[in-house]
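Enquirer:
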Amino acid sequence: MMDEARYNQLVSAAFKRILGAADTIDPDILEADSTGDMVTLTAASREKCIVNTQRAVRQIWVAGQGQGIHFDYDAATGTWKDDKGRGLELMAFVADVVRGITGTDFVYPG
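Taking my numbering, the leading residue of the sequence shown gets 5, the next gets one more, and so forth.
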């Protein structure tokens, strides 16, 4: 299991990337709030995508559109992958949920 400092660094980078993408969307369409261990993306319809840490197991959990997915960091690819082996990747999954709740593309800054 990775150490806490590395986990915190990876989570911080992931949250910054998600918040950066949210900043490109009109706040009347999507609001983003960050509270340390959680990022909440709220659509105008009040539907949400919630991204939060699970420090004890060194995962990021995402809830949105009736799904809850757990992601582990994959050092080989440098990405967060779902823990069930379905081929889901954190950033793509969050983008899909945001697209589903807003109808707007969620584009991560370069």
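Backbone N, C-alpha and C define an ideal beta-carbon position, used for all residues, glycine too.
(1) Determine the extent of the beta strand (DSSP E) in which threonine 44 is found, giving its start and end residues.
(2) Give me, in chain order, the residues of the same chain whose beta-carbon lies closer than 7 Å to that of glutamate 93; leave out the 5 immediate sequence neighbours on both sides.
(3) Please report the Cβ distance between glutamine 58 and valine 101, rounded to the nearest whole angstrom; I am assuming they are in contact, meaning their Cβ atoms lie under 8 Å.
(4) Quick one: what does DSSP say aspartate 32 is sitting in, helix, strand or coil?
(5) For isoleucine 54 and alanine 36, what's the separation of their Cα atoms in angstroms?
(6) Which residues in the same chain as glutamine 65 place their Cβ atom closer than 6 Å to its Cβ, once the five residues preceding and following it in sequence are excluded?
(7) Could you round the C-beta distance between alanine 17 and tyrosine 112 to whole angstroms and report it? I think they count as a contact, below 8 Å.
(8) Taking alanine 60 as part of the alpha helix (DSSP H), name the residues at either end of that continuous run.
Expert: With the given structure in hand:
(1) 42-47
(2) Thr83, Trp84, Lys85
(3) With 8 Å as the limit, glutamine 58 and valine 101 do not qualify as a contact, their Cβ atoms being about 18 Å apart.
(4) coil
(5) 10 Å
(6) A quick correction: the sequence has tryptophan, not glutamine, at residue 65. These residues qualify, in order along the chain: Asn56, Gln58, His74.
(7) With 8 Å as the limit, alanine 17 and tyrosine 112 do not qualify as a contact, their Cβ atoms being about 12 Å apart.
(8) It is not in any alpha helix (DSSP H) - alanine 60 carries neither H nor E in the DSSP assignment.
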